[in-house]
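A.B. asks:
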Amino acid sequence: MRSNHVVASGGSLLSESESNMKHWHSLEPGQILQGLGVSRGRGLSSEEAESRLRTYGPNALAEAPKPTLLQQFLGQFKEFLVLLLLASAAVSAVLGEVEDAAVIGAIVLLNAIIGVVQERRAENALEALKRMAAPTARVIRDSQPATVPAASIVPGDILLLEAGDTVPADARLLESALFKVDESSLTGESVPVEKDSSALLVADVPLGDRVNCVYMGTTATYGRATAVVVATGMNTEMGKIASMLDQAPTEPTPLQVRLAALGKMLGIVAIVMVGIVFAAGVFRGEQMFEMFLTAVSLAVAAIPEGLPSIVTIVMAVGVQRMAARNAIIRSLPAVETLGSANVICSDKTGTLTTNQMTVRRLYTLDSSLKVTGEGYSREGRFVMEDGTEASGVPPSVERLLTCAVLCCDARVKPVSVGSSDMELIGDPTEGAIVVAGLKAGIEQSRLEQSSPRVAEIPFDSERKRMTTVHRLPESYVCCTKGAPDEMLEVCTHVLVSGQVMPLTPSLKEEIGRTNAHLAEAALRVLGVARRELPELPADISVGSVEKGMVFLGLVGMQDPPRPEAAAAVAECREAGITPVMITGDHKNTAVAIARDIGIMTEGSIAVLGSELAQMSDEELDAEVESISVYARVAPEHKVRIVSAWRRKGKVVAMTGDGVNDAPALKAADIGAAMGKTGTDVAKSASHMILADDNFATIVAAVREGRVVFDNIKKAVFYLTSCNLGEIMVIFTAILLGLPRPLLPIQILWLNLITDGLPALALGVDPPARDLMKRKPRGRHEPVVSRAGLVRLAVYGLAIGGLGLWSFAVGLGWPGELHITEERLLHARTMCLLTMSFAQLFHAFSCRSELESLLEVGPFTNRALVGAVVLSGTLQALITYVPVLSRLFNVVPNNGVEFAEAMGLAAAVLLVGEVTKLVSRRVTRKA
Numbered sequence: 004m005r006s007n008h009v010v011a012s013g014g015s016l017l018s019e020s021e022s023n024m025k026h027w028h029s030l031e032p033g034q035i036l037q038g039l040g041v042s043r044g045r046g047l048s049s050e051e052a053e054s055r056l057r058t059y060g061p062n063a064l065a066e067a068p069k070p071t072l073l074q075q076f077l078g079q080f081k082e083f084l085v086l087l088l089l090a091s092a093a094v095s096a097v098l099g100e101v102e103d104a105a106v107i108g109a110i111v112l113l114n115a116i117i118g119v120v121q122e123r124r125a126e127n128a129l130e131a132l133k134r135m136a137a138p139t140a141r142v143i144r145d146s147q148p149a150t151v152p153a154a155s156i157v158p159g160d161i162l163l164l165e166a167g168d169t170v171p172a173d174a175r176l177l178e179s180a181l182f183k184v185d186e187s188s189l190t191g192e193s194v195p196v197e198k199d200s201s202a203l204l205v206a207d208v209p210l211g212d213r214v215n216c217v218y219m220g221t222t223a224t225y226g227r228a229t230a231v232v233v234a235t236g237m238n239t240e241m242g243k244i245a246s247m248l249d250q251a252p253t254e255p256t257p258l259q260v261r262l263a264a265l266g267k268m269l270g271i272v273a274i275v276m277v278g279i280v281f282a283a284g285v286f287r288g289e290q291m292f293e294m295f296l297t298a299v300s301l302a303v304a305a306i307p308e309g310l311p312s313i314v315t316i317v318m319a320v321g322v323q324r325m326a327a328r329n330a331i332i333r334s335l336p337a338v339e340t341l342g343s344a345n346v347i348c349s350d351k352t353g354t355l356t357t358n359q360m361t362v363r364r365l366y367t368l369d370s371s372l373k374v375t376g377e378g379y380s381r382e383g384r385f386v387m388e389d390g391t392e393a394s395g396v397p398p399s400v401e402r403l404l405t406c407a408v409l410c411c412d413a414r415v416k417p418v419s420v421g422s423s424d425m426e427l428i429g430d431p432t433e434g435a436i437v438v439a440g441l442k443a444g445i446e447q448s449r450l451e452q453s454s455p456r457v458a459e460i461p462f463d464s465e466r467k468r469m470t471t472v473h474r475l476p477e478s479y480v481c482c483t484k485g486a487p488d489e490m491l492e493v494c495t496h497v498l499v500s501g502q503v504m505p506l507t508p509s510l511k512e513e514i515g516r517t518n519a520h521l522a523e524a525a526l527r528v529l530g531v532a533r534r535e536l537p538e539l540p541a542d543i544s545v546g547s548v549e550k551g552m553v554f555l556g557l558v559g560m561q562d563p564p565r566p567e568a569a570a571a572v573a574e575c576r577e578a579g580i581t582p583v584m585i586t587g588d589h590k591n592t593a594v595a596i597a598r599d600i601g602i603m604t605e606g607s608i609a610v611l612g613s614e615l616a617q618m619s620d621e622e623l624d625a626e627v628e629s630i631s632v633y634a635r636v637a638p639e640h641k642v643r644i645v646s647a648w649r650r651k652g653k654v655v656a657m658t659g660d661g662v663n664d665a666p667a668l669k670a671a672d673i674g675a676a677m678g679k680t681g682t683d684v685a686k687s688a689s690h691m692i693l694a695d696d697n698f699a700t701i702v703a704a705v706r707e708g709r710v711v712f713d714n715i716k717k718a719v720f721y722l723t724s725c726n727l728g729e730i731m732v733i734f735t736a737i738l739l740g741l742p743r744p745l746l747p748i749q750i751l752w753l754n755l756i757t758d759g760l761p762a763l764a765l766g767v768d769p770p771a772r773d774l775m776k777r778k779p780r781g782r783h784e785p786v787v788s789r790a791g792l793v794r795l796a797v798y799g800l801a802i803g804g805l806g807l808w809s810f811a812v813g814l815g816w817p818g819e820l821h822i823t824e825e826r827l828l829h830a831r832t833m834c835l836l837t838m839s840f841a842q843l844f845h846a847f848s849c850r851s852e853l854e855s856l857l858e859v860g861p862f863t864n865r866a867l868v869g870a871v872v873l874s875g876t877l878q879a880l881i882t883y884v885p886v887l888s889r890l891f892n893v894v895p896n897n898g899v900e901f902a903e904a905m906g907l908a909a910a911v912l913l914v915g916e917v918t919k920l921v922s923r924r925v926t927r928k929a
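Quick note on the numbering used here: the sequence shown kicks off at 4 and runs consecutively.
(1) Compare the C-alpha of Leu450 against each of His473, Ile428, Thr432 and name the closest.
(2) Could you check if Leu814 is buried or exposed, using at least 16 other CB atoms within 10 Å of its CB as the buried criterion?
(3) Determine the direct distance from the alpha carbon of Ala93 to that of Arg865, and round the result to whole angstroms.
(4) By a C-beta neighbour count over all protein chains shown, 10 Å radius and 16 as the cutoff for buried, is Ile271 buried or exposed?
(5) Tell me whether Gly278, by its Cβ, gets closer than 8 angstroms to a heavy atom of the ligand GTP.
(6) Does DSSP put Lys928 in a helix, in a strand, or in coil?
(7) In terms of residue numbering, what span does the alpha helix (DSSP H) encompassing His28 cover?
(8) Would you tell me roughly how many angstroms separate the C-alpha atoms of Leu693 and Ile332, rounded to the nearest one?
(9) When you compare only the Cα positions, how much space is there between Glu240 and Asp173?
(10) Looking at C-beta atoms only, is the number of pairs between the region 559-574 and the region 637-644 that lie closer than 8 angstroms three or more?
(11) Among Val151, Glu523, Val710, whose alpha-carbon lies nearest the alpha-carbon of Arg777?
(12) State yes or no: is the C-beta of Val231 within less than 9 angstroms of the C-beta of Leu310?
(13) Please name the residue, chosen from Lys442, Ile279, Arg227, that lies closest to Leu738 on a Cα-to-Cα basis.
(14) In whole angstroms, what separates the C-alpha of Gly791 from that of Ala319?
(15) From what residue to what residue does the alpha helix (DSSP H) around His640 run?
(16) Within a Cβ cutoff of 7 angstroms, which residues of the same chain sit near Ala524, ignoring the five residues on either side of it in sequence?
(17) Per DSSP, what kind of secondary structure is Cys834 in: helix, strand or coil?
(18) Beta-carbon separation of Leu427 and Tyr379 under 9 angstroms?
(19) Have a look at Glu392 and Glu614 and give me their C-alpha separation to the nearest angstrom.
(20) Are there three or more Cβ pairs, one per stretch, closer than 8 angstroms when the region 694-714 is compared with the region 570-577?
(21) Counting along the chain, where does the alpha helix (DSSP H) carrying Phe901 start and finish?
(22) Can you check which of these residues, Leu164, Met219, Asp160, is closest to Ser187 by C-alpha distance?
(23) Taking all protein chains shown into account, decide if Arg924 is buried (16 or more other Cβ within 10 angstroms of its Cβ) or exposed.
(24) In chain order, what residues of the same chain have a beta carbon less than 7 angstroms from the beta carbon of Val868, not counting five sequence neighbours either side?
(25) Would Leu164 be called buried (16 or more neighbouring beta carbons within 10 Å of its own) or exposed?
(26) Please specify which runs of the beta strand (DSSP E), each continuous and at least 3 residues long, are wholly inside the region 156-237, giving them in chain order.
(27) Can you tell which of Gly236, Gly211, Arg55, Met237 has the C-alpha that lies nearest to the C-alpha of Gly159?
(28) Write down the C-beta distance between Val655 and Ala671 rounded to the nearest angstrom, noting that I regard them as a contact closer than 8 angstroms.
(29) Answer with buried or exposed for Ile156, where buried requires no fewer than 16 other C-beta atoms within 10 angstroms of its C-beta.
(30) Are the CB atoms of Ala206 and His28 within a distance shorter than 9 angstroms?
(31) Would you kindly report the start and end of the unbroken alpha helix (DSSP H) that includes Lys484?
(32) So what does DSSP say about Gly559, is it helix, strand or coil?
(33) Check each candidate in Thr169, Val548, Phe292, Ile600 and name the one with the smallest Cα separation from Thr139.
(34) Rounding to the nearest angstrom, what Cα-Cα distance links Gly390 and Ser370 in this structure?
(35) Any idea which residues DSSP pairs Gln502 with across the strands?
(36) At which residues does the alpha helix (DSSP H) containing Cys930 begin and terminate?
This is the structure:
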């Protein structure tokens, strides 16, 4: 049995609960080392590490048990309609109707297999999280540096970290040297975070602001550090995300809810009618055997057996269409759910923005330019403030960029030969500067050849500057970049129109105003300065180099919005979808981007994660519809936001690309991960992957989702109205004291073949013209509306009435009815033919709820025309081919009777046109 406590090497007692509860970022390093019972220089002994490993377990993410194949298979038999079908099969078998029982059982089995296949597309989120964890780590063990498996890391281990390392566990920094960590996948912060081991923070500081800690799965990008491990495995921040993924309930999709409600309604109708028929039969003294057979017929007639398969196929077609638009669907029900979305909660970094820092503004005392282009691409132009393109790069801007590029450690290289897109190696901020230089024709490699670096003073958090020293043909030059205010402190002169002039208070004030203006626009601003040296100082230090410098200008950069994001947001609004930004980035940056692309509008507000944490669920529910931007949020905040919208009855889509997005992606009705920049965790937690990382793709996917639902709705309406017709013909005939007009196997033929092929064709019907101008459907909106139920009843009565008419004619009506075995066989054949063709003609009416068939065009859906012709041909085959006619208990008709059945069936088209005409008039009055 695992112990709850471990005696550390220093003799202190460390409990797992204490380890989880401590705010390590608010404690002094000495306190933490003492509490963890470890020496900074010696680390843990091998024996102590093994002891702690037994106590805390491996530094790995736990995985919840998945349902077995048998459990998944048995889970397919919970639906009310499925149980009703199984009962019908059992009754048929007991009564000796083996063929009927076998066919019904085969249908139930096929639908169960389809359901299991869909569910076996298992989620791989936890496996992806494991892949992100570092396989090995460098620690101090037994007073010596050692490389150990990441899984063997324990609380108290001393980590040795440097640029390029993946952090193996959550740790508190003990010392750091120019240490930066890319936490974008965990917090959404688009720029590597500068870490500071000496910082002492308050207990409730947000995760993204804990500069004295590092977290499992993040990546060191610059410098080096020593840290003590404070949490491993499921106790890490990544472990918490894994727990949230594991705990996220799998809820039925809106379509599944709607179809379940429809199925229950049909089942109740069947049971009620069976009860009435039984009562009538007992009253008339009918045989119980015949009553049971009638009950089976009614149950089979009430259930659209082909519906689950047809819905699956229609969604699969939607998946193929979406794939052509770069939207990869991982879960079939997500196709339709996306079409229901009325809220899209989107991450900012890498989703609405490029996640590639880009220089946007260049300012000198005599020039101010805007820079176009996106991300790490050398394609871009320099534009004047009035919008006109600059004729060449002004000399002052060229000097500014030359100095800034020389002062960069980052490198860029083409992603392929001849490509203008560049791949970054190093810090994103420096990468943006180097790319801006390329746009101006300034090649970093050539500069470094002509002006080689001979010394440098690295960036640190106190100076907020970095300086490099370069050799020129006859002298040396110092290039410095950093925070504008700190840069002005070391500058005594400024470059204006090629002339070096004193930096007067008024000029300093002007530079300060420009810096503030750029910062208000959510740009990250750096100042750049230089100083020429006649000779290299003997002592390269801050005091000897960073003084008397000439200020060159300001560089403003941002992680820019994707070019198509604004148009996509506008299209979402037109479609009645509310866009919401959720990010771990700073509030000012988030608000600026949100305003730029149209997410934040008049009357909407922005909220910090710390403010959200103080809200109760009730308070959040009251405010959620007015909040457009959430900034500095933690993963659990994102799940709360999604849940709040869902409590409002909304169907929520969530887009994202980072580890921090995974729980919300899974909690949302539809999670959409980025395909290129998205982490494996985000992809595995999502329902859909946007292969081109294009936010606009989600709008195209919404359109396809609406098409899918529209077509599923048509198929459901068609199948249900046909089933209602079958119920009515059987129910009415029995009440009138007539024999059953249709046998179970004939009903199954109608439901699976006659109805099935046209229903599939309706599933690929062309989209309606106003599809993206409609309001999204509500979560609880039924598949068939109240007005639709009225039309459904009219169509069902028409189909059933036509079938009953032909059945009665087959028995001798309007004369005296002669119910002999031969006459009954003939009458059932007439009934089957009439209902079959009535249902085929009815498929054309189901293409639109209100528009006339003449307006829609009877031949604009070629698949439907082909399906009707094929189904009609198959109906003729079972009527006239002896082997098939015996199987389906029908007899061949003469040509006149066949034509009569078709003519009678065509009357359903007239019923459809009159019904739509009345519906249009009622709608206009409303």
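A virtual CB, placed ideally from N, CA and C, is assigned to each residue, including glycine. Note that the coordinates shown come from a computational prediction; the quantities given were computed from them, not determined experimentally.
C.D. replies: Taking the geometry as given:
(1) Within the sequence shown, numbered from 1, the residue matching residue 450 stands at position 447. Nearest option by C-alpha distance: His473.
(2) One-based indexing of the sequence shown puts residue 814 at position 811. Counting the other CB atoms within 10 Å of its CB gives Leu814 a total of 16 or more, which places it among the buried residues.
(3) Translated into the one-based positions of the sequence shown, residue 865 becomes position 862. Translated into the one-based positions of the sequence shown, residue 93 becomes position 90. Arg865 and Ala93 have their C-alpha atoms roughly 40 angstroms apart.
(4) Locating residue 271 in the sequence shown gives position 268, where the first residue counts as 1. Classification of Ile271: exposed, given that the 10 Å Cβ count is below 16.
(5) In the structure shown, the ligand GTP is absent, as is every other ligand, since no ligand is present at all.
(6) Walking along the sequence shown from the start, residue 928 turns up at place 925. Three-state DSSP puts Lys928 in a helix.
(7) Residue mapping note: residue 28 aligns to position 25 of the sequence shown, counting from 1. Where His28 is concerned, there is no enclosing alpha helix (DSSP H), given that its DSSP letter is neither H nor E.
(8) Translated into the one-based positions of the sequence shown, residue 693 becomes position 690. Translated into the one-based positions of the sequence shown, residue 332 becomes position 329. Straight across, the Cα-Cα distance linking Leu693 with Ile332 is about 9 angstroms.
(9) Position 237 of the sequence shown, counting from 1, holds the residue named residue 240. Position 170 of the sequence shown, counting from 1, holds the residue named residue 173. One C-alpha to the other measures close to 7 angstroms.
(10) Result no; under three Cβ-Cβ pairs closer than 8 angstroms.
(11) As a working mapping, residue 777 is identified with position 774 in the sequence shown. That would be Val710, whose Cα lies nearest to the Cα of Arg777.
(12) Translated into the one-based positions of the sequence shown, residue 231 becomes position 228. Translated into the one-based positions of the sequence shown, residue 310 becomes position 307. Not in contact: Val231 and Leu310 (Cβ atoms no closer than 9 angstroms).
(13) Reading the sequence shown from its first residue, position 735 is the one you call residue 738. Restricting attention to Lys442, Ile279, Arg227, the CA atom closest to the CA of Leu738 is found in Ile279.
(14) Translated into the one-based positions of the sequence shown, residue 791 becomes position 788. Translated into the one-based positions of the sequence shown, residue 319 becomes position 316. Inter-residue distance for Gly791 and Ala319 is about 26 angstroms (C-alpha atoms, whole angstroms).
(15) The residue labelled residue 640 in the question sits at position 637 within the sequence shown. Going by DSSP, His640 is part of the alpha helix (DSSP H) stretching over 638-650.
(16) For the purposes of this step, residue 524 is taken as residue 521 along the sequence shown, with counting starting at 1. Same-chain partners within the cutoff: Ala595.
(17) Sequence index remark: in the sequence shown, residue 834 carries index 831 (1-based). Annotated three-state conformation of Cys834 is helix, per DSSP.
(18) By 1-based counting over the sequence shown, the position of residue 427 is 424. By 1-based counting over the sequence shown, the position of residue 379 is 376. Yes.
(19) Sequence index remark: in the sequence shown, residue 392 carries index 389 (1-based). Sequence index remark: in the sequence shown, residue 614 carries index 611 (1-based). Distance between the alpha carbons of Glu392 and Glu614 is about 44 angstroms.
(20) Flag = yes, the region 694-714 and the region 570-577 touch.
(21) In the sequence shown, counting from the first residue as 1, residue 901 sits at position 898. Where Phe901 is concerned, the enclosing alpha helix (DSSP H) stretches over 898-908.
(22) Residue mapping note: residue 187 aligns to position 184 of the sequence shown, counting from 1. If we check each option's Cα against that of Ser187, Met219 comes out closest.
(23) For the purposes of this step, residue 924 is taken as the residue at position 921 of the sequence shown. If you draw a 10 Å sphere on the C-beta of Arg924, you find fewer than 16 other C-beta atoms in it, and that means exposed.
(24) In the sequence shown, residue 868 corresponds to position 865, counting from 1. Only Phe862 meet the Cβ criterion.
(25) The residue labelled residue 164 in the question sits at position 161 within the sequence shown. It is buried - the Cβ of Leu164 has at least 16 other Cβ atoms within 10 Å.
(26) Runs of the beta strand (DSSP E) lying entirely within the region 156-237 and spanning at least 3 residues, in chain order: 161-165, 173-185, 222-234.
(27) Stepping through the sequence shown from its first residue, residue 159 is reached at position 156. Gly159 has its Cα closest to that of Arg55, out of Gly236, Gly211, Arg55, Met237.
(28) Here the question's residue 655 lines up with position 652 in the sequence shown. Here the question's residue 671 lines up with position 668 in the sequence shown. Taking a contact as a CB-CB distance under 8 angstroms, the pair Val655 and Ala671 counts as one, their CB atoms being some 5 angstroms apart.
(29) Translated into the one-based positions of the sequence shown, residue 156 becomes position 153. Classification for Ile156: buried.
(30) Within the sequence shown, residue 28 is the residue found at index 25, counting from 1. Within the sequence shown, residue 206 is the residue found at index 203, counting from 1. One thing to note: His28 has its Cβ within 9 angstroms of the Cβ of Ala206.
(31) Position 481 of the sequence shown holds residue 484. That residue, Lys484, is in no alpha helix (DSSP H); its beta strand (DSSP E) goes 479-485.
(32) In the sequence shown, counting from the first residue as 1, residue 559 sits at position 556. The answer is strand: DSSP assigns Gly559 an E or B state.
(33) Within the sequence shown, residue 139 is the residue found at index 136, counting from 1. The candidate whose alpha carbon is nearest that of Thr139 is Thr169.
(34) Position 387 of the sequence shown, counting from 1, holds the residue named residue 390. Position 367 of the sequence shown, counting from 1, holds the residue named residue 370. Taking the straight line from one Cα to the other gives about 14 angstroms.
(35) As a position in the sequence shown, residue 502 is number 499, starting the count at 1. Paired residues: Val499.
(36) What the structure shows of the chain is the stretch from 4 to 929, and residue 930 is not part of that stretch, so it cannot be assessed.
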